[in-house]
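I have placed the structure first, in the form of structure tokens, so that the comments after it can refer back to it.
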Amino acid sequence: MKQIPGVIAGKQGTNSLYIPSIYSKSQNEWVDNFYKQNGYLEYDALTRLGISDPPNFIKRHFPNENVAFLHSVAVGANIRDQIDSNIEEAIVTGSFVDISPLLPSVFSDKDMEMLLKIAGKKINNNTHVFAKTIVISDVFLQSLNKSFEAIAEAKAKEAVVSGQWFQTIAENRIKSKSADLIFENKGNKKEERRKKATTGKTGGGTQGRETKTKSTKRKYLQGKNRDAESDDENTKVLSTKIELKLISLEDIKTEIAKDDNLSVIDDLVDELALYLEQKVNNYATSIAEQLAQNNKTTNLSEVEERLNVLVTNIKIFDKGIKHIDKTNQPALTKYLLKSLVTDFVNELFKLAAQQNMLQFPENITTETRQKMLLDLPEDVKEPLTNIHKSIPGNSIDDFLNFVDAAMASCCLVLKKYDKKKERPFILGHKEALLEELNTTQDPALALHLITTTTQNVIHMSGRHVSTILSFLQTQLQLSTMEILSKYHDMVLKSLTSSDEETKLDIQKELQIGLEEIKNIANNYKQHLKNDAQENKY
Numbered sequence: 001m002k003q004i005p006g007v008i009a010g011k012q013g014t015n016s017l018y019i020p021s022i023y024s025k026s027q028n029e030w031v032d033n034f035y036k037q038n039g040y041l042e043y044d045a046l047t048r049l050g051i052s053d054p055p056n057f058i059k060r061h062f063p064n065e066n067v068a069f070l071h072s073v074a075v076g077a078n079i080r081d082q083i084d085s086n087i088e089e090a091i092v093t094g095s096f097v098d099i100s101p102l103l104p105s106v107f108s109d110k111d112m113e114m115l116l117k118i119a120g121k122k123i124n125n126n127t128h129v130f131a132k133t134i135v136i137s138d139v140f141l142q143s144l145n146k147s148f149e150a151i152a153e154a155k156a157k158e159a160v161v162s163g164q165w166f167q168t169i170a171e172n173r174i175k176s177k178s179a180d181l182i183f184e185n186k187g188n189k190k191e192e193r194r195k196k197a198t199t200g201k202t203g204g205g206t207q208g209r210e211t212k213t214k215s216t217k218r219k220y221l222q223g224k225n226r227d228a229e230s231d232d233e234n235t236k237v238l239s240t241k242i243e244l245k246l247i248s249l250e251d252i253k254t255e256i257a258k259d260d261n262l263s264v265i266d267d268l269v270d271e272l273a274l275y276l277e278q279k280v281n282n283y284a285t286s287i288a289e290q291l292a293q294n295n296k297t298t299n300l301s302e303v304e305e306r307l308n309v310l311v312t313n314i315k316i317f318d319k320g321i322k323h324i325d326k327t328n329q330p331a332l333t334k335y336l337l338k339s340l341v342t343d344f345v346n347e348l349f350k351l352a353a354q355q356n357m358l359q360f361p362e363n364i365t366t367e368t369r370q371k372m373l374l375d376l377p378e379d380v381k382e383p384l385t386n387i388h389k390s391i392p393g394n395s396i397d398d399f400l401n402f403v404d405a406a407m408a409s410c411c412l413v414l415k416k417y418d419k420k421k422e423r424p425f426i427l428g429h430k431e432a433l434l435e436e437l438n439t440t441q442d443p444a445l446a447l448h449l450i451t452t453t454t455q456n457v458i459h460m461s462g463r464h465v466s467t468i469l470s471f472l473q474t475q476l477q478l479s480t481m482e483i484l485s486k487y488h489d490m491v492l493k494s495l496t497s498s499d500e501e502t503k504l505d506i507q508k509e510l511q512i513g514l515e516e517i518k519n520i521a522n523n524y525k526q527h528l529k530n531d532a533q534e535n536k537y
């Protein structure tokens, strides 16, 4: 009988196993060759070879090898060195690396996660792991975060300008006050319960004392639990804070996904967006706070100056209107109220909204002002209501009567009207209009400008040109009025004519007469009637 050399493994008896030496030799050769070629050993593969305890087998078989034992594989130094070098390269270049393509397919996510932890201990640099297998350098993340700064600044500016930022601050304050009241009320009730617990009726007899003791103990325990619950509630209330996310998570994802190198990796965009969301919004919040603070310090002086200039302009334009025939004054006054007066009121409402932490749109309408008035405090609401109601009226004087109080409610000062500045303003206004007149090639605009620059200044629209021309009949020479009237009629025909050929002919005539119109405006004193030379309006 031929003998086969081998060993008996396991306990003696029926559970023992005879392993031929040739089989053990084949096992060892396969293990050695596979490890030498691939640099790792899979536990399942060793189990299929008949090795019952792969990790211990590997330790005994490779006592001098620096083997790392992962979840499903044991990996040698070569693979670990390869991973380390790729991570180091990502750190040096300020980029990222996905280790999954660098490893055999048998490596599970758990294996790669453990491998990265080992590498992280060895490489003492700031790196972050995303999507289980992506190692991203801190420099790359900082660069990615910085790419959102322009977006964050734009969103912050939008929030401050629209009033959304101030609205959120107001909500936070209201929430904080509510929390303080709840805390105070609960604190008072707790104190009352404690006082009641320390006082009570005294009774006679052993049984009475025992009953009272039990009852007190039961109530005490219940009260203690309630107090603990109330403390938890207080903590929840106090910790509640309304946060304003200026940049949404979806916006961040969309921006990151524009990088094809990042978007092709599963789950990476989502995880990066979650990582950056708070950082980006913190930056946007800090910018909004700076803008809001700047608005508080610089806005008041700027708005005050701007509103004072508007009031001065309105007074001068109203003075010009009062020189016109009374029958024509209401239309010009209405236009002044709907234009410059409305601009003034809207500017004041925006400032009031900012000061009282209210949200408001960029374009303020009558309905918007009415809604804003409902949320303003009484000391601001009343003066602003009065000036708001002056817009649909028919008197500039009524508006001017409410200006001082309205501005004061917003911490602004209405400067005393300086008549000395009236003439320089009129001259400056005329010069600006004449400059525009001399450069324009638009006949309708030229006619509009000449009627506003002939003598005094008037704020008007194109529809009021005929009204002013009628008034100027008493001021200008007959020949000059005939030229202006004829030019006015041609402008109307050019605007209303449906025949293209007729319109073209009129346009040619208007261009020919344009220089003459400009000359009248530039030398209007020569075109005044003799009796108007001494008494100009």
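Residue numbering for the sequence shown follows UniProt numbering, starting at 1 and increasing by one per position.
Ideal Cβ placement from N, Cα and C applies to all residues, glycine included.
If you're wondering where the values come from, they're calculated on a predicted model, not measured in any experiment.
In whole angstroms, what separates the C-alpha of residue i from that of residue j?
i	j	result
Lys322	Leu332	10 Å
Gln473	Met481	6 Å
Leu504	Lys415	52 Å
Leu476	Ile316	22 Å
Cys410	Phe402	13 Å
Arg369	Ile247	28 Å
Ile169	Ala152	18 Å
Leu373	Asp266	51 Å
Lys305	Phe360	Sequence check: residue 305 is Glu here, not Lys. One C-alpha to the other measures close to 22 Å.
Ala159	Leu41	58 Å
Thr133	Tyr35	23 Å
residue 554	Arg48	A question about residue 554 goes unanswered here, because the residues of the chain that appear run from 1 up to 537.
Glu29	His61	11 Å
Val135	Ala156	32 Å
Gln355	Ile387	18 Å
Glu277	Thr342	41 Å
Ile91	Glu149	23 Å
Leu46	Ser52	8 Å
Asn394	Phe344	16 Å
Leu268	Ala405	59 Å
Ala432	Leu514	18 Å
Asn328	Tyr335	12 Å
Tyr43	Val129	26 Å
Thinking C-alpha only, which one of the options is nearest residue i?
i	options	result
residue 548	Gln27, Glu250, Tyr283, Lys132	Given that the chain is displayed from residue 1 to residue 537, the structure contains no residue 548 and the question cannot be resolved.
Glu509	Cys411, Ile364, Ser494	Ser494
Leu427	Asn522, Asp53, Phe399	Asn522
Ile324	Tyr35, Val465, Met372, Glu255	Val465
residue 545	Ile79, Asn78, Val97	The question about residue 545 has no answer here: the residues shown for the chain are numbered 1 through 537.
Lys346	Leu412, Pro330, Ile118, Thr365	The sequence shown places Asn at residue 346, rather than the Lys named in the question. It is Thr365.
Val280	Asp259, Lys253, Asp260, Asp109	Lys253
Gln526	Tyr487, Ile512, Leu70, Ser479	Ser479
Leu300	Leu336, Ala352, Pro330	Ala352
Leu348	Asn294, Asp397, Met407	Met407
List the residues that DSSP assigns as beta-bridge partners of residue i.
i	result
Thr127	Ser137
Asp98	Ile134
Ala74	Leu41, Phe69
Leu476	Leu528
DSSP on residue i, reduced to helix/strand/coil?
i	result
Ala292	helix
Glu65	coil
Val264	coil
Val106	coil
Val413	coil
Leu504	helix
Asp231	With a pLDDT of 46 at Asp231, under the threshold of 50, the modelled position of this residue cannot be trusted, and the question is left open.
Ala257	coil
Gln27	helix
Phe148	coil
Asp499	coil
Met490	helix
His323	coil
Phe399	helix
Asn523	coil
Gln359	coil
Leu49	coil
For the ligand NAP, is there any heavy atom lying closer than 7 Å to the beta carbon of residue i?
i	result
Leu348	This structure lacks the ligand NAP; in fact it carries no ligand of any kind.
Would you please verify whether the beta carbon of residue i is less than 8 Å from any beta carbon of chain B?
i	result
Asp404	Given the protein chain composition of this structure (a single chain), no chain B is represented.
Assess contact between the segment 87-107 and the segment 60-69, defined as three or more Cβ pairs (one per stretch) separated by less than 8 Å. Is contact present?
no
Using 8 Å as the threshold, is the segment 126-140 in touch with the segment 67-82, meaning 3 or more CB pairs across them?
no
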